[in-house]
Every structure is written in structure tokens, then in C-alpha cells.
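Report on one structure; see the data block that follows.
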Amino acid sequence: MSSSPSLQPLYSFDGWVIKNIKLSSDVAVIKIRHDKRHLHQCPFCGQKVGENRRLWQVAKDLPLGTAHLVEIIYEAIQGYCINCKHYSTLIPPGIDHHSRSTTRLMHYVCRLCRFMPADKVPEFLPISSDTARRWDKKILSKYLPEPDFNNLRIILVDEKSIGPHHHYLTVVLNGETGEVLHLAEGKKKESLEAFFNKLTPQQRSDIEAVGMDRSGAYKSVVTKAVPHAAIVYDKFHIVANYNKAIDEVRRSEWHKADEEHKSFIKGQRYNLFRNPENRKPEQTADLNTLLLLNESLFKAYILKDALKVLWTYVYPKSASKYLDKWTTWAKETGLVPLIKFAKGLDRDRKELLAFIRHRITSAKLEAFNATIARIVRRACGYRDLDYLFLKIRQEGNPVLQI
Ligand SMILES: [Zn+2]
46 MSSSPSLQPL
56 YSFDGWVIKN
66 IKLSSDVAVI
76 KIRHDKRHLH
86 QCPFCGQKVG
96 ENRRLWQVAK
106 DLPLGTAHLV
116 EIIYEAIQGY
126 CINCKHYSTL
136 IPPGIDHHSR
146 STTRLMHYVC
156 RLCRFMPADK
166 VPEFLPISSD
176 TARRWDKKIL
186 SKYLPEPDFN
196 NLRIILVDEK
206 SIGPHHHYLT
216 VVLNGETGEV
226 LHLAEGKKKE
236 SLEAFFNKLT
246 PQQRSDIEAV
256 GMDRSGAYKS
266 VVTKAVPHAA
276 IVYDKFHIVA
286 NYNKAIDEVR
296 RSEWHKADEE
306 HKSFIKGQRY
316 NLFRNPENRK
326 PEQTADLNTL
336 LLLNESLFKA
346 YILKDALKVL
356 WTYVYPKSAS
366 KYLDKWTTWA
376 KETGLVPLIK
386 FAKGLDRDRK
396 ELLAFIRHRI
406 TSAKLEAFNA
416 TIARIVRRAC
426 GYRDLDYLFL
436 KIRQEGNPVL
446 QI
């Protein structure tokens, strides 16, 4: 054990002076006392506060060399202001009294939590994983900028199921920047209304288009909150709907098939939905065999690629003509799920073709889905929705150094 003045710059707290430092190979204890020249001013009125009592408190700090546990022992001075009749406690700057930690340690934990699950933090620092999560949340809520609702032109609305308990979340993104604007749990209608309630009339009138899936609940909320904005059903959701129709065809073909072909059809489910660039060569070979064996699936599959062409059009009129062609092809297959799907497209023609004018792409939504999956996997799910929202906003803010 020894006291060393050379460590002073590491433990300089304005208004406090080092009393002593005790070092062992794995623990460091730094005791600091209040400097009498440093006045206790009332945080409410600025007057000098009369001292009531002093308490020795402990705060954890960053590790020092091999010393895993570093504790700052400091004097906290409680006082009473006779001017404005408020109690206040004077503590060293850079210490979070309630968290019993230096703020620099909390910032460090926040940084670690960006790259590792909170459960791993105890392997690096002498704190529990619950404490790591609590500190991470506290720092993020203090320093992450609030979502920007100004000059929103395009927004994307989606429903997402997360975690083992399949909580349903309504997510609102800025369609241009990908920024997450809103995250709410519960019924679609109320969750989306809560977002629009946060906007000023000017912010609402800035919104030109809203991209979403074909859910009636979202549509009615948008029509009411921003009646001037165009509703756009985007490619991402339509293709997902179409995949469901293909799956219905696959299932009915499976029922018709003999035993030998049944297991083969069953195993091909995901190959039918994969984009060609995501398929391994053997998966492509299997898929081709399936399509040769089964004419209905072959047609449904060909029509999937043909459907995607719709979003390549530049002029609404040509796109409209192409949509007519596609729905005719789908109806001509005689396959019930495809006929139903084609009728749905006829019905939603306006919202579908709105894409051509507003060019809402689902890229931001897909990127968001990847982000949220990564965060939830890292954290093994999130029970605290506010914390999840902060973690998602942090991911969207790569330049921000906390
Ligand atoms: Zn006062």
C-alpha cells in the first residue's frame, strides 16, 4: 500500500482534494475531501448554503491497471438554504450520486453495451448485468437526441413482432433517412395515433406520403391524421403477401402429391421465397426440379418475378397497364390463392400505383428489420420497450460518441 501524488490528474474533481490513495494489486480506493474554498451554492437561488451534515459516500470508477475495483470515497455535504428554503447536497462533479458511480464509468459501460450484451459486462467490470443495463439506459436517455419530426416528407409505418413473447410493435421510420421516429406496443390503431399526436399541425402538413402494409387499421389512422398524404403500399409488403399466396399453392399441391413427392415439396418452402442471389447452387437445382415437377408452382413462381417488374415503371400509366396484364395472368392460372391475390391488387390499385409517383422504397425498412433483429438477438429480447427504443436510436446514430 502506498500513496502516490502522481495519480492526482486521474482523480481531480473540481472543489475536492485527494486525501489519500490506497492501492493493492486488485483494488484502488481514492479518498477525496471537500475543499473549504469551494462554496456550496444553492442550485435554486445561488445563495450560499448553510451546512447541515457531511456524509462519506462511495462511487465506483474506471479500472486502474490491474485494480479491477476502483472506489472513490467522497464527502457529500448536505445543506439548507435559508433564502429559498430548499435542501441540497453538494457532491463532486462527474459523480452520479444516485447511481453510486462516476459518470465516466457509466459512459464506458454505455460504450461497451453498444458492442456486447449487458450480460457480458460483468466479465470486464465489477458491476452486475442489471446495473449495466440501468446505466446504459440512463446515459442514452440523457445524451441521445430526440427524434426529429421536422421536414418529414415520407414516413414508413410497419408492424414488427419481436422477442420470444412476440410482442407486436408499431414502428414509424423516416422514409428518407431511416431514422426511427416512433416505437409503440399494443393495438395498431392506438399505437400509430400516439405518433401523430406528437406532431404539430405544420409537421403533419409536411408529410407527403406514407408507406405501409395493407392493414386497414393503419390506413384509417393515416387518412384521418394526414388526409392530404398519399398512402403507398410498398413492394416489400406486397411481395411478402404474394409469398403467402405461393405458400397456399404449395400446400394444396402437397395434398395432391404422392408420398414420394410430398416430402420434397415440403422441403422446398424457403427456396420458393428466397431471392436468387441468396440461394446456394444446390438450392437452385432443387427448386428447378420442383418447378419442373409441378406446373402450378411453376406458374406461381414465374409470376412472382413478373410482379416485381411493376415497381420498375417510371410512368403511372404504363405501370397501370402492366398491373392489368399481371392480374389477368394471375387469374388465368386458375389457382385460387393467386386469383384472390390479384383481386386484392385490383382493389388497392390507387395505393399500389402511388409508389410510381412517390418512389417509396422499402430499403430503409429492411435495414431497420436487420438492426432490430441484431439488437434483440444480442440482448436476448427486451422487456423494457423504452430501453429498446433507445438502443435502436443509438444504432441509427453511428457518429454519436457517448
Ligand atoms: Zn436557495
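One gets the numbering used here by counting positions in the sequence shown from 1 and adding 45 to each.
Glycine is no exception: its CB is placed at the ideal position from the N, C-alpha and C atoms.
- Secondary structure in the region 274 to 356: the beta strand (DSSP E) runs of 3 residues or longer, each lying completely within the stretch, are 275 to 278 in chain order.
- A straight-line Cα-Cα distance of about 28 Å links L410 and K366.
- A buried status is given to S341, since no fewer than 16 other beta-carbon atoms sit within 10 Å of its beta-carbon.
- Boundaries of the beta strand (DSSP E) around I199: I199 to I207.
- The C-beta distance from L157 to K105 rounds to 14 Å, too long to meet the 8 Å contact threshold.
- Under the DSSP assignment, T215 falls in the beta strand (DSSP E) whose first and last residues are H212 to N219.
- For H142, the three-state secondary structure derived from DSSP is coil.
- With contacts defined as CB atoms closer than 7 Å, Q313 and L335 qualify as a contacting pair.
- G124 is a Cβ neighbour of V94, given a cutoff of 7 Å.
- Looking at H113, E96 and A163, the one whose alpha-carbon comes closest to that of I420 is A163.
- In the three-state scheme derived from DSSP, where H, G and I count as helix and E and B as strand, Y119 is classed as strand.
- Using a Cβ distance threshold of 7 Å, H83 and G60 count as a contacting pair.
- In the structure shown, the three-state DSSP call for I184 is helix.
- Judged by DSSP in its simplified three-state form, S133 adopts strand.
- Put simply, the residues with a CB less than 6 Å from any heavy atom of ligand 1 are C87, F89, C90, Q92, C126, N128, C129 and H131, in chain order.
- Inside the region 352 to 389, DSSP marks no whole beta strand (DSSP E) run of 3 or more residues.
- Between I437 and T416, the beta carbon gap of about 6 Å places them in contact (Cβ cut-off 8 Å).
- In this structure, V255 lies near V267, with their beta-carbon atoms less than 7 Å apart.
- For G441, the CB contacts under 8 Å within the same chain, skipping 5 residues up- and downstream, are G223, E224, V225 and T416 in chain order.
- Judged by DSSP secondary structure, M257 falls within the beta strand (DSSP E) whose first and last residues are A254 to M257.
- Rounded to the nearest angstrom, the gap between the Cα atoms of A375 and E305 is 29 Å.
- Taking 7 Å as the cut-off, the Cβ atoms of H131 and F89 count as close.
- In this structure, DSSP gives K269 a helical state, which the three-state scheme calls helix.
- P192 and C155 have their alpha carbons spaced roughly 20 Å apart.
- About 5 Å separates the beta carbons of L100 and A121, which is inside the 8 Å limit, making them a contact pair.
- When the five nearest sequence neighbours on each side are left out, the beta carbons in the same chain lying within less than 7 Å of the beta carbon of C87 are those of V94, C126, N128, C129, H131 and S133, in order along the chain.
- Nearest to E253 by C-alpha distance, out of D431, L55 and A399, is A399.
- The Cβ-Cβ distance between L317 and I291 falls below 7 Å.
- DSSP places K105 in the strand class (E or B) of the three-state scheme.
- V354 and R249 have their C-alpha atoms roughly 33 Å apart.
- Annotation: L107 to I77 spans about 16 Å, alpha carbon to alpha carbon.
- Taking 7 Å as the cut-off, the Cβ atoms of Y278 and D393 count as close.
- Under the three-state reduction of DSSP, K81 is assigned to coil, being neither helix nor strand.
- Counting the other CB atoms within 10 Å of its CB gives T215 a total of 16 or more, which places it among the buried residues.
- In the DSSP assignment, N65 forms a beta bridge with K76.
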